[in-house]
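Enquirer:
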Amino acid sequence: MALGYMGKLIRVRLTEGKVEIENLNMDDARAFIGGAGLGTKIIYDEVPPSADPLGPENKIAFLTGPVTATKFPTSGRYEVCTKSPLTNMWVDASSAGHWAADFKKTGFDGVIVEGASSKPVYLWVSDDKAELRDASKLWGKDSYATQDAIREELGDKRIRVLCIGQAGEKKVLISAVMNDEGRAAGRAGVGAVMGSKNFKAIAVRGKKSVKVADSTTLDQMAKKFSHELATNPLLEPMRSYGTAASMDTAWITGDIPIQNWRKGLWKEGCVAIGGKKIADTILRPHGACYNCPIHCSRWVKIEEGRFRMEGPGPEYETLGSFGSMLLNDNLESICHLNELCNAYGIDTISAGCAISFAMEAYENGIITKQDTGGIDLKWGNVDAIIEMTHQIGQAKGLGALLGEGVKRASEKLGKGTDKYAIHVKGLEIPMHDPRAFHSMAVNYATSPRGACHLHGAAFIYDMGIIAPGFGVAYKQGRFDKKGKGINVKAAQDQASVINSLVVCQFCGLALAPLHYVVLLGATAGMAYSTKEIPLIAERITNLQRVFSLRCGVTAKDDVLPERLLTPTSEGGHAGKVADLEMQLVDYYSARGWNKEGMPTKEKLHELGLEYAIKDLY
29 MALGYMGKLI RVRLTEGKVE IENLNMDDAR AFIGGAGLGT KIIYDEVPPS
79 ADPLGPENKI AFLTGPVTAT KFPTSGRYEV CTKSPLTNMW VDASSAGHWA
129 ADFKKTGFDG VIVEGASSKP VYLWVSDDKA ELRDASKLWG KDSYATQDAI
179 REELGDKRIR VLCIGQAGEK KVLISAVMND EGRAAGRAGV GAVMGSKNFK
229 AIAVRGKKSV KVADSTTLDQ MAKKFSHELA TNPLLEPMRS YGTAASMDTA
279 WITGDIPIQN WRKGLWKEGC VAIGGKKIAD TILRPHGACY NCPIHCSRWV
329 KIEEGRFRME GPGPEYETLG SFGSMLLNDN LESICHLNEL CNAYGIDTIS
379 AGCAISFAME AYENGIITKQ DTGGIDLKWG NVDAIIEMTH QIGQAKGLGA
429 LLGEGVKRAS EKLGKGTDKY AIHVKGLEIP MHDPRAFHSM AVNYATSPRG
479 ACHLHGAAFI YDMGIIAPGF GVAYKQGRFD KKGKGINVKA AQDQASVINS
529 LVVCQFCGLA LAPLHYVVLL GATAGMAYST KEIPLIAERI TNLQRVFSLR
579 CGVTAKDDVL PERLLTPTSE GGHAGKVADL EMQLVDYYSA RGWNKEGMPT
629 KEKLHELGLE YAIKDLY
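Everything in the sequence shown is counted per my numbering, starting at 29 for the first residue and increasing by one.
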């Protein structure tokens, strides 16, 4: 009997309209843990690098981990793994809420979806059972309406639903997978992969419990880390204001991007849309994700006016992408835009970045009112931002182009618009400026899915915090040159373990390899050493790299846009830029990669990835 794990996966063969139950490969579980790690192995084994991301050859996996749905804090997350239609390489996207825990309680660890259905379908999963159901009446509904309709159809309001909105149906390349009324696995177009398969949703209702190897030890760990997360002073702003708290300090350090990364300071605007402003005006009592003591989830209520609403509030990333990036200081409009993206199923980071790209092209006369349908696409124009968001969600007008991401949009527009397209490997850059925290330069350049702050929040290390056991050798300041590559490797490795357990990134502030050893022993009954945990992390990251190299990625793609290597004249990073070239040398060396950014045969052999040596060399 599996412990920690449920021991079974659901395989959905959409082309044949079949659902099969198969045993979880426990050797792979031991080597890759679960979540993003296990997803890496599944996608590597089953998806050819040449596969069209929107074709039936691609597969998409929804995976939990051995800690999911246990008493351990923040154990309510899941990972979506596939080949990205936005970047054409490996991607995993993560989401929280309650769906993952309820799914695992049905008796399964994950779902692998392959092929393509001839008609819209969704998957209904209850205790030890899974079936495909017709989703024709759901097609065309937004994510909120879809969840309500499924609960009504199945006659149970307690059902949890993961789904796509209209953006995913229309295969918008920046579309997201949504769950629990506003939670998103948002990045790199995972929603479009579901849409390409006519796969609308996964509805779950589980009543089983997760059996663990040592409940006493797990209870002790859960109590200890729940207390640490609930009292950690670094997390106090999150408890009070949610991730929006970062906006109140990001303008000081220069971390928040402004006007498509052109400016270094926008104090009044940032204060107007920050966490304190939200708390003082529209924040309401809120809950939390499954078994989470941090309570960073936000609930807002706007009682009057054109943006009247009640629902999940915007996170820091959304406040940046629809606020400072667009010079939009109208907080209520950002809440409305957040709701639009949740409903359509759109990644708020990429959407805001795409609109800022369009605004700069409009400012320079490359996009005109003829292209916008008469919309005045000037900075800070709330009506224009709202209309563009609708167009992205509906794949209409200029929004159809923006929904392809800034890389493709700039390639189609030409006329020098590549200067305005701020991305790495096709993925729009999240709301942390690498000129403010220099570790983020090489982190963005090398992150497994393109520019990403969740595959290594290296800016934490730039604040002088270290992660014991993952190889952080230098306690450093944000503008220091020495040790950035080494520290980024450590940050990425730590994130790989967290994304495979699967727990919240905030746990990284409290966990070291010894804790992971005890946690995996208590849940899954698997004996690891403290040296094995970093090796598992390296195994995951290196296999992701090999997959992407086989998809055509090279070291020439480990770059940043020129704008982010150009200093600003004001703000918290005025006159400062990272030495990316130096960082890459350090990073490749720390990783055991050659100068071409390829894992060496020796490194792959060390990690037990002999099959990858054959594939790569």
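Even for Gly, the Cβ is constructed at its ideal location relative to N, Cα and C.
Here the structure is a predicted model, which means the values were calculated and not measured.
#1: Do you know how far the Cα of LYS198 is from the Cα of LYS87?
#2: Between which two residues does the beta strand (DSSP E) holding SER352 run?
#3: Thinking ILE140 and ARG39 are a contact (beta carbons under 8 Å), I'd like their distance in whole angstroms, please.
#4: Taking DSSP as the reference, what is the three-state secondary structure of LYS203?
#5: Could you say which of GLY408, ALA89, ALA565, GLY333 lies nearest to VAL205 if we only look at CA atoms?
#6: With which residues is ILE374 paired in a DSSP beta bridge?
#7: With H, G and I counted as helix, E and B as strand and the rest as coil, what does DSSP make of HIS481?
#8: How many angstroms separate the CA atom of PHE100 from the CA atom of ILE377?
#9: Should the segment 112 to 123 be regarded as contacting the segment 150 to 165, the criterion being three or more beta carbon pairs within less than 8 Å?
#10: As an exercise, report each continuous alpha helix (DSSP H) stretch of at least 4 residues that is fully enclosed by the segment 564 to 592, in chain order.
#11: Which residues in the same chain have their Cβ closer than 8 Å to the Cβ of ALA538, if we skip the five residues on either side of it in sequence?
#12: Alpha carbon to alpha carbon, how far is ILE330 from GLU360? Give it in angstroms, no decimals.
#13: Buried or exposed: where does TYR269 fall if 16 or more other Cβ atoms within 10 Å of its Cβ makes it buried?
#14: Can you tell which of MET610, LEU542, ASP508, ALA640 has the C-alpha that lies nearest to the C-alpha of ARG573?
#15: Does the distance from the CB of ASN471 to the CB of GLY454 come in under 9 Å?
#16: The alpha helix (DSSP H) spanning MET275 covers which residue range?
#17: Taking its Cβ as the centre, do 16 or more other Cβ atoms sit within 10 Å of LEU262, making it buried, or is it exposed?
#18: Beta carbon of LEU548, beta carbon of GLY32: below 9 Å?
#19: Could you pull out every residue in the same chain whose Cβ sits closer than 6 Å to the Cβ of ASP585, ignoring the five residues on either side in sequence?
#20: Going residue by residue through the segment 276 to 322, where are the continuous beta strand (DSSP E) segments of at least 3 residues, counting only ones entirely within it?
#21: Does DSSP classify TRP167 as helix, strand or coil?
#22: Please report the straight-line C-alpha distance between ALA519 and ASP283, rounded to a whole angstrom.
#23: What is the DSSP secondary structure of ARG233, reduced to helix, strand or coil?
#24: The alpha helix (DSSP H) with ASP155 in it runs from where to where?
#25: Cα separation between ASP399 and MET416?
#26: Using only CA atoms, which one of GLN504, GLY497, ALA479, PHE498 lies nearest to MET491?
#27: Name, in chain order, the residues that DSSP records as bridge partners for PHE90.
#28: Does the beta-carbon of ARG336 have 16 or more other beta-carbons within 10 angstroms, so that it is buried, or is it exposed?
#29: Which residue from GLY143, VAL75, PHE136 puts its Cα closest to that of ASP156?
#30: Start and end of the alpha helix (DSSP H) containing PRO265?
#31: Does the distance from the CB of ALA57 to the CB of ALA386 come in under 9 Å?
#32: When you compare the segment 173 to 193 with the segment 72 to 83, are there three or more beta-carbon pairs, one atom per stretch, that lie closer than 8 Å?
#33: Just reading off the beta strand (DSSP E) that PRO261 is part of, what are its end residues?
#34: How many whole angstroms separate the CB atoms of THR92 and GLY63, which I take to be in contact at a CB cut-off of 8 Å?
#35: Using the DSSP secondary-structure output, state which residues sit across from ASP120 in a beta bridge.
#36: With which residues is LYS36 paired in a DSSP beta bridge?
Expert: In brief:
#1: For the purposes of this step, residue 87 is taken as residue 59 along the sequence shown, with counting starting at 1. For the purposes of this step, residue 198 is taken as residue 170 along the sequence shown, with counting starting at 1. If I take the Cα positions, the gap works out to 18 Å.
#2: Taking the first residue of the sequence shown as position 1, residue 352 is located at position 324. Looking at the DSSP string, SER352 is not in any beta strand (DSSP E), and its letter there is neither H nor E.
#3: Indexing the sequence shown from 1 puts residue 140 at position 112. Indexing the sequence shown from 1 puts residue 39 at position 11. So it is a contact: roughly 5 Å between Cβ atoms.
#4: Along the sequence shown, one-based indexing puts residue 203 at 175. Per the sequence shown, the amino acid found at residue 203 is Ser instead of Lys. SER203: strand per DSSP, three-state reduction.
#5: Translated into positions along the sequence shown, residue 205 becomes position 177. With distances taken between Cα atoms, VAL205 lies closest to ALA89.
#6: Residue mapping note: residue 374 aligns to position 346 of the sequence shown, counting from 1. Answer by DSSP bridge pairing, in chain order: SER203.
#7: Taking the sequence shown and counting its residues from 1, the one referred to as residue 481 is at position 453. In the structure shown, HIS481 sits in coil (DSSP, three-state: anything other than H, G, I, E or B).
#8: Stepping through the sequence shown from its first residue, residue 100 is reached at position 72. Stepping through the sequence shown from its first residue, residue 377 is reached at position 349. Each residue's alpha carbon lies about 30 Å from the other.
#9: Contact fails between the segment 112 to 123 and the segment 150 to 165, because fewer than three Cβ pairs, one in each stretch, are under 8 Å apart.
#10: none
#11: In the sequence shown, residue 538 corresponds to position 510, counting from 1. Answer for ALA538: PHE253, GLU256, LEU257, ASN260, listed in chain order.
#12: Your numbering for residue 360 matches position 332 in the sequence shown. Your numbering for residue 330 matches position 302 in the sequence shown. Distance between the alpha carbons of GLU360 and ILE330: 7 Å.
#13: The residue labelled residue 269 in the question sits at position 241 within the sequence shown. It is buried - the Cβ of TYR269 has at least 16 other Cβ atoms within 10 Å.
#14: By 1-based counting over the sequence shown, the position of residue 573 is 545. Checked all of MET610, LEU542, ASP508, ALA640; the closest Cα to ARG573 is ALA640.
#15: Residue mapping note: residue 471 aligns to position 443 of the sequence shown, counting from 1. Residue mapping note: residue 454 aligns to position 426 of the sequence shown, counting from 1. Contact: no.
#16: Numbered from its first residue, the sequence shown carries residue 275 at position 247. Taken as a continuous stretch (DSSP letters only), the alpha helix (DSSP H) holding MET275 covers 275 to 281.
#17: Position 234 of the sequence shown holds residue 262. Counting other Cβ atoms within 10 Å of its Cβ, LEU262 stays below 16 and is therefore classed as exposed.
#18: Taking the first residue of the sequence shown as 1, we reach residue 548 at position 520. Taking the first residue of the sequence shown as 1, we reach residue 32 at position 4. It is a contact, given that the beta carbons lie within the stated cut-off.
#19: Along the sequence shown, one-based indexing puts residue 585 at 557. LYS453.
#20: Complete beta strand (DSSP E) runs here, min 3: none at all.
#21: To locate residue 167, count along the sequence shown from 1; it is residue 139. Residue state, collapsed to three classes: coil.
#22: Indexing the sequence shown from 1 puts residue 519 at position 491. Indexing the sequence shown from 1 puts residue 283 at position 255. Taking the straight line from one Cα to the other gives about 18 Å.
#23: Taking the sequence shown and counting its residues from 1, the one referred to as residue 233 is at position 205. In this structure, ARG233 counts as strand in the three-state DSSP scheme.
#24: Here residue 155 refers to the residue found at position 127 of the sequence shown. Unbroken run through ASP155: none, as it is neither H nor E.
#25: The count along the sequence shown starts at 1 and reaches residue 399 at position 371. The count along the sequence shown starts at 1 and reaches residue 416 at position 388. So the alpha carbons of these two residues sit roughly 12 Å apart.
#26: Within the sequence shown, numbered from 1, the residue matching residue 491 stands at position 463. Ranking the options by Cα distance to MET491, first place goes to GLN504.
#27: Here residue 90 is taken as the residue at index 62 of the sequence shown, counted from 1. Beta-bridge pairing links PHE90 to VAL108, VAL139.
#28: Locating residue 336 in the sequence shown gives position 308, where the first residue counts as 1. ARG336 comes out exposed.
#29: Numbered from 1 along the sequence shown, position 128 holds the residue referred to as residue 156. Measuring from the Cα of ASP156, the nearest candidate turns out to be PHE136.
#30: As a position in the sequence shown, residue 265 is number 237, starting the count at 1. First-last of the alpha helix (DSSP H) with PRO265: 264 to 269.
#31: Taking the sequence shown and counting its residues from 1, one reaches residue 57 at position 29. Taking the sequence shown and counting its residues from 1, one reaches residue 386 at position 358. No, the Cβ-Cβ distance between ALA57 and ALA386 is not below 9 Å.
#32: no
#33: Here residue 261 corresponds to residue number 233 of the sequence shown, with the count starting at 1. Segment: none, PRO261 is in no beta strand (DSSP E) and carries neither H nor E.
#34: Residue mapping note: residue 92 aligns to position 64 of the sequence shown, counting from 1. Residue mapping note: residue 63 aligns to position 35 of the sequence shown, counting from 1. Sure, about 7 Å apart at Cβ, within 8 Å.
#35: Position 92 of the sequence shown, counted from the first residue, corresponds to residue 120. Per DSSP, CYS109.
#36: Position 8 of the sequence shown, counted from the first residue, corresponds to residue 36. Answer by DSSP bridge pairing, in chain order: ASN51.
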